[in-house]
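> Below is the structure I would like to discuss, written out as structure tokens.
In the numbering used here, the protein residues as written are 54 to 405.
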């Protein structure tokens, strides 16, 4: 038997090599990474309900199909009801004058800024925003066919991949574990169990967090409604809750969308936008102080500095997708490192 001091670096080298290959494959095959991540997300979210249905005699595949059908029907009902919400706010008529209204609002904002701070007179806010919007619009229009194709493909692939993940996931895991040498069998089982718990708990916790953030945003905007106009509270709150899935950047994206909607589509004064920002800031503050610590505290044990660094790395490598998966990947790597180190210490004590 080799001494642990010789085995430990070898194991680290093997693990590092495998991780390097996986990361390289993920960066090379980004087109496959999106549906795989989305399917994994769906699988983890549905898993608790699937386990309950499985205990009542239903097969995992059939349970997933039932839950997926309920989810699709719910979205269809929401989409069918959405036009009435939008029509009640006269959004369709106002959207036609979006650009003109936005330019008018930005021009008024520019005059107000120049009167209060003369040094800002040389900064043409309206023209700069119009230039940026034109460039972004041109890029989006050029990429629109590719985006539609990619979205349609992912919409078909995600349920298909998730179905086989749910049906054959445990069987595949047992097959992988059976290939592990006996001396590392227990360590591998513990490692996979901890990774599964952390990722599943984190994703389900994030979903609960987003729902609570949307509810908090709705309450805050309802309070702001007493002072300034706040139309379409439900839609904007849902969008703010959904974008909260993206760490740090998400709340800004949700509030920014609401601001553009208020300025361009509804032609509301800046006081309404200020009310929206105050409501979004309040929801974000409540999330950081009360919601996230309670919902996520037991799921991912990562230092805040580590979280910030892995988010920057994920964003640089994979954009928004990298921001979404950075924390689960970092938590999984931490579990792997901890289990390897614990196993090394155990073997060292046995040798002594």
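Built from N, CA and C at the ideal position, the CB exists for glycine as well.
Predicted model only: the values in this text are computed from it and were never measured.
If we ignore side chains and look at the alpha-carbon of each, how far apart do residue 120 and residue 103 end up?
In the chain shown, the residue the question calls residue 120 occupies position 67. In the chain shown, the residue the question calls residue 103 occupies position 50. Spanning the two alpha carbons is a distance of roughly 8 Å.
> Expressed to the nearest angstrom, what Euclidean distance is found between the alpha-carbon atoms of residue 367 and residue 214?
For the purposes of this step, residue 367 is identified with residue 314 of the chain shown, where counting begins at 1. For the purposes of this step, residue 214 is identified with residue 161 of the chain shown, where counting begins at 1. Rounded to whole angstroms, residue 367 to residue 214 spans 24 Å at the Cα level.
> Within the same chain, show all residues whose beta-carbon is closer than 8 Å to that of residue 118, passing over the 5 residues directly before and after it, in chain order.
In the chain shown, the residue the question calls residue 118 occupies position 65. Excluding sequence neighbours, residue 118 sits near 216.
> Decide yes or no for the touch test of the region 259-266 against the region 337-349: beta carbon pairs closer than 8 Å, at least 3 of them.
Counting Cβ pairs under 8 Å, three or more are found: they touch.
> Whether or not the region 390-400 and the region 229-249 are in contact is what I'm after, with contact meaning three or more pairs of Cβ atoms, one per stretch, closer than 8 Å; do they touch?
With the cut-off at 8 Å, the region 229-249 and the region 390-400 touch.
> Report the rounded CA-to-CA distance for residue 400 versus residue 221, giving the unit in angstroms.
For the purposes of this step, residue 400 is taken as the residue at position 347 of the chain shown. For the purposes of this step, residue 221 is taken as the residue at position 168 of the chain shown. Cα to Cα, the separation comes out at about 34 Å.
> Terminal residues of the continuous alpha helix (DSSP H) containing residue 344?
On the chain shown, position 291 is the one that residue 344 refers to. That residue, residue 344, is in no alpha helix (DSSP H); it is neither H nor E in DSSP.
> Consult DSSP for residue 353 and reduce its assignment to one of helix, strand or coil.
In the chain shown, residue 353 corresponds to position 300, counting from 1. Residue 353: coil per DSSP, three-state reduction.
> Can the beta-carbon of residue 283 be found closer than 9 Å to that of residue 336?
The residue labelled residue 283 in the question sits at position 230 within the chain shown. The residue labelled residue 336 in the question sits at position 283 within the chain shown. Going by C-beta atoms, residue 283 is not nearer than 9 Å to residue 336.
> Using only alpha-carbon positions, find the residue among 316, 209, 296 that is nearest to residue 307.
By one-based count along the chain shown, residue 307 stands at place 254. For residue 307, the nearest C-alpha among the options comes from 296.
> How is residue 395 classed by DSSP in three states: helix, strand or coil?
The residue labelled residue 395 in the question sits at position 342 within the chain shown. In this structure, residue 395 counts as helix in the three-state DSSP scheme.
> Does the separation of the CB atoms of residue 381 and residue 251 fall below 9 Å?
In the chain shown, residue 381 corresponds to position 328, counting from 1. In the chain shown, residue 251 corresponds to position 198, counting from 1. In contact: residue 381 and residue 251 (Cβ atoms closer than 9 Å).
> At the level of alpha carbons, what is the spacing between residue 354 and residue 245?
As a first step, residue 354 is located in the chain shown; it is residue number 301 there, counting from the start. As a first step, residue 245 is located in the chain shown; it is residue number 192 there, counting from the start. In a straight line, the C-alpha of residue 354 is about 16 Å away from that of residue 245.
> Under 9 Å, do residue 272 and residue 113 count as touching if we go by C-beta distance?
For the purposes of this step, residue 272 is taken as the residue at position 219 of the chain shown. For the purposes of this step, residue 113 is taken as the residue at position 60 of the chain shown. Contact: no.
> Sorted by chain position, which residues of the same chain lie with C-beta nearer than 8 Å to residue 312's C-beta, five sequence neighbours on each side aside?
The residue you call residue 312 lines up with position 259 of the chain shown. Closer than 8 Å at Cβ, skipping near neighbours: 326, 329, 330.
> DSSP three-state call for residue 407: helix, strand or coil?
A question about residue 407 goes unanswered here, because the residues of the chain that appear run from 54 up to 405.
> Which residues mark the beginning and the end of the alpha helix (DSSP H) in which residue 288 is found?
Looking up residue 288 in the chain shown gives position 235. 286-296 is the span of the alpha helix (DSSP H), which, as asked, contains residue 288.
> Is residue 111 helix, strand or coil when you go by DSSP?
On the chain shown, residue 111 is found 58 positions in, with the first residue counted as 1. Residue state, collapsed to three classes: coil.
> For residue 204, which option in 322, 87, 398 has the closest C-alpha, if you only look at C-alpha atoms?
Here the question's residue 204 lines up with position 151 in the chain shown. Considering only alpha carbons, the answer is 87.
> Buried or exposed: residue 332, going by 16 or more other Cβ atoms within 10 Å of its Cβ?
Stepping through the chain shown from its first residue, residue 332 is reached at position 279. Result: buried.
> Applying the criterion that 16 or more other CB atoms from any shown protein chain within 10 Å of the CB defines a buried residue, is residue 202 buried or exposed?
Position 149 of the chain shown, counting from 1, holds the residue named residue 202. Looking at its Cβ environment, which holds fewer than 16 other Cβ atoms inside 10 Å, residue 202 is exposed.
> Suppose the cutoff is 8 Å on Cβ atoms and the five residues either side in sequence are ignored; what does the same chain contact list for residue 276 look like?
For this step, residue 276 is matched to residue 223 along the chain shown. Excluding positions up to five away in sequence, the list reads 332.
> Between 254, 403, 334, 370, which has its C-alpha nearest residue 293's C-alpha?
The residue you call residue 293 lines up with position 240 of the chain shown. When each option's Cα is compared against that of residue 293, the closest is 334.
> For residue 128 and residue 403, I'd like the C-alpha separation in whole angstroms.
Counting from one through the chain shown, the residue named residue 128 turns up at place 75. Counting from one through the chain shown, the residue named residue 403 turns up at place 350. Rounded to the nearest angstrom, the two C-alpha atoms are 57 Å apart.
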